[in-house]
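Structure, as structure tokens:
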Amino acid sequence: MSASEEPLRLASVDLGAIRHNVRTVAALVGGAEVMAVVKANAYGHGAVEVARAAVEAGATWLGVADVDEAVALRDAGLSVPVLAWLHSPQASFDRAVAHSIDVGVSSVAQLDAVAAAGLRVAAGLREAGEGGAAQQPARVHLKLDTGLGRNGAEQSLWPAFFARAAELQRAGQLTVVGLFSHLSNTNDEEDRAQLERLLAGVELARVAQLEPPIIHLASTAAALRLPETRLSMIRLGIGMYGLSPFDDQTSAELGLRPAMRVEGRVISVKRVPVDSGVSYGYTYRTATESTLALVALGYADGIPRLGSNRAPVWINGEIHRVSGRIAMDQFVADVHDAEAAVGDRVVLFGDPQDGYPSAEDWAEAAETINYEIVTRIGARIERRYVS
Ligand SMILES: *Cc1c(COP(=O)(O)O)cnc(C)c1O
1 MSASEEPLRL ASVDLGAIRH NVRTVAALVG GAEVMAVVKA NAYGHGAVEV
51 ARAAVEAGAT WLGVADVDEA VALRDAGLSV PVLAWLHSPQ ASFDRAVAHS
101 IDVGVSSVAQ LDAVAAAGLR VAAGLREAGE GGAAQQPARV HLKLDTGLGR
151 NGAEQSLWPA FFARAAELQR AGQLTVVGLF SHLSNTNDEE DRAQLERLLA
201 GVELARVAQL EPPIIHLAST AAALRLPETR LSMIRLGIGM YGLSPFDDQT
251 SAELGLRPAM RVEGRVISVK RVPVDSGVSY GYTYRTATES TLALVALGYA
301 DGIPRLGSNR APVWINGEIH RVSGRIAMDQ FVADVHDAEA AVGDRVVLFG
351 DPQDGYPSAE DWAEAAETIN YEIVTRIGAR IERRYVS
């Protein structure tokens, strides 16, 4: 592609929107710290760029799923605390400790693995003559399952979990920085019951001589709607990207701005007669003589095939519909008698305040949620960052 050429596929990511969203939520949650959750390449937006913007806007922590994602942030020069909470069964945690990454642990086995990693890393530094004694102990956040049924120690194991964590902390082998859990977002009542269980866990930890400074529970939904769940820190994901976690409230109603806009170009235009079949299986046939516009985006790019014959696209200020099956690399929009020329911009979704279809429109067409629409946007789509 020459410098002047427009890309075939583009995801424009507005870092100004990311900063605005972080500031908006930070102001709302008052004293609670904000962890910017940038797992899965920042929900498709680009982890490093989003992380930098979030930190500029006041996020004091970064959150990712696994240690590889965390190390990539460190390699890019991000120095704020980073928490990683999803680990392989044989994880050694040496890289996590060496990169000063906080580890979310869900079991005694993981606690022991982190402590052992801390000892190995310190010994390695001593051997290299780099003063291993000065190495800080490994940092962990104890994860409690308060009802979600996924990660986290189950309630019956909390006493043993806390006892071992306290023992390792006393031995100087690790520091318990946080205690946390994750909500099911089923309804306010269920979320409050999980909060109660977490607070009972905090009490039990205290009995075991653990007083972790950071207690965290809420992700975007609870941070916005259930103030009592904000505790010391919230973990902000979807809201930072300007998308609503709620069915009954839009981004705009929450004061948030969608950061991602996905665009293609019209790469061919043809006038076809009535009853022309379009794309595989002829699931669409023109109702009249019509103009078909071809766009080079397909399911290989994360455009959901379920959007075939349903999802909206913006071309020249008008909303048209995907016509026929979305293929691996391309789809067609029947624009009927509207203007369309080769090279015209095609916007699949962006900020509806700008007149574009929303990620929610695509989610509805594809029977999924806005999270999945943005996160699956593929590597072949060029990201461009604007402020
Ligand atoms: C993904 C994730 C979040 C962020 O959730 P949002 O709903 O996107 O705000 C927070 N905490 C954990 C443990 C997660 O896995």
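Residues 1 to 387 (full-length UniProt numbering) are what the sequence shown spells out, left to right.
For each residue, glycine too, the CB sits at the ideal point set by N, CA and C.
As the structure is a prediction and not an experimental result, all values here were calculated from the model.
(message) Our contact map puts leucine 62 next to valine 80 with C-beta atoms below 8 Å; I'd like the distance itself, whole angstroms only.
(response) Within the sequence shown, residue 62 is the residue found at index 62, counting from 1. Within the sequence shown, residue 80 is the residue found at index 80, counting from 1. That pair is a contact at about 6 Å.
(message) Can you list, in chain order, the residues of its chain with a C-beta nearer than 7 Å to that of threonine 60? Leave out the 5 residues immediately preceding and following it.
(response) Within the sequence shown, the letter at position 60 stands for residue 60. So the qualifying residues of the chain are Glu33, Val34, Val80.
(message) Let me confirm a value: arginine 235 is counted as buried when at least 16 other C-beta atoms fall within 10 Å, else exposed. Which label applies?
(response) Here residue 235 refers to the residue found at position 235 of the sequence shown. Buried.
(message) At a threshold of 8 Å, does glycine 237 count as lining ligand 1 (C-beta to nearest heavy atom)?
(response) Position 237 of the sequence shown, counted from the first residue, corresponds to residue 237. Within the cutoff, so yes.
(request) For my contact list, leucine 217 and serine 181 are in at a C-beta cut-off of 8 Å; report their separation, rounded to the angstrom. (result) Taking the sequence shown and counting its residues from 1, the one referred to as residue 217 is at position 217. Taking the sequence shown and counting its residues from 1, the one referred to as residue 181 is at position 181. Rounded, the Cβ-Cβ distance is 5 Å, consistent with contact.
(message) So alanine 113 and serine 92 are supposed to be a Cβ contact under 8 Å. How far apart are they, rounded?
(response) Residue mapping note: residue 113 aligns to position 113 of the sequence shown, counting from 1. Residue mapping note: residue 92 aligns to position 92 of the sequence shown, counting from 1. That pair is a contact at about 7 Å.
(request) Please name the residue or residues paired with arginine 285 in a DSSP beta bridge. (result) In the sequence shown, residue 285 corresponds to position 285, counting from 1. DSSP output for arginine 285 lists Gly277 as bridge partner(s).
(message) Does the structure place the region 357-365 close enough to the region 332-339 that three or more beta carbon pairs sit under 8 Å?
(response) no
(message) Here's the rule I'm using: 16 or more other beta-carbon atoms within 10 Å means buried, otherwise exposed. How should glutamate 263 be labelled?
(response) The residue given as residue 263 occupies position 263 in the sequence shown. Buried, since its Cβ has 16 or more Cβ neighbours within 10 Å.
(message) Relative to the C-alpha of glutamate 69, which candidate in Ser268, Ala51, Ala57, Glu56 has its C-alpha closest?
(response) The sequence position of residue 69 within the sequence shown is 69, counting from 1. Among Ser268, Ala51, Ala57, Glu56, the Cα nearest to that of glutamate 69 is on Ala51.
(message) Let me check understanding here. Comparing Cα to Cα, which of Ala98, Leu157, Ala54 lies closest to aspartate 75?
(response) Within the sequence shown, the letter at position 75 stands for residue 75. Nearest of Ala98, Leu157, Ala54 to aspartate 75, Cα basis: Ala98.
(request) With DSSP collapsed to three states, give me the class of arginine 261. (result) Working through the sequence shown from its first residue, we reach residue 261 at position 261. Residue state, collapsed to three classes: strand.
(message) Relative to the C-alpha of serine 290, which candidate in Ser184, Val335, Arg325, Ala153 has its C-alpha closest?
(response) As a working mapping, residue 290 is identified with position 290 in the sequence shown. With distances taken between Cα atoms, serine 290 lies closest to Val335.
(request) Report the rounded CA-to-CA distance for valine 140 versus alanine 160, giving the unit in angstroms. (result) The count along the sequence shown starts at 1 and reaches residue 140 at position 140. The count along the sequence shown starts at 1 and reaches residue 160 at position 160. Rounded to the nearest angstrom, the two C-alpha atoms are 16 Å apart.
(request) Look at the Cβ atom of leucine 142, then the Cβ atom of valine 82, and state whether they are nearer than 9 Å. (result) The residue labelled residue 142 in the question sits at position 142 within the sequence shown. The residue labelled residue 82 in the question sits at position 82 within the sequence shown. It is not a contact, given that the beta carbons lie outside the stated cut-off.
(message) Is alanine 221 near ligand 2 - that is, is its Cβ less than 8 Å away from at least one heavy atom of it?
(response) Within the structure as shown, ligand 2 is missing, the only ligands being ligand 1.
(message) For proline 7, list the residues DSSP reports as bridge partners.
(response) Reading the sequence shown from its first residue, position 7 is the one you call residue 7. Bridge partners of proline 7: none, in fact.
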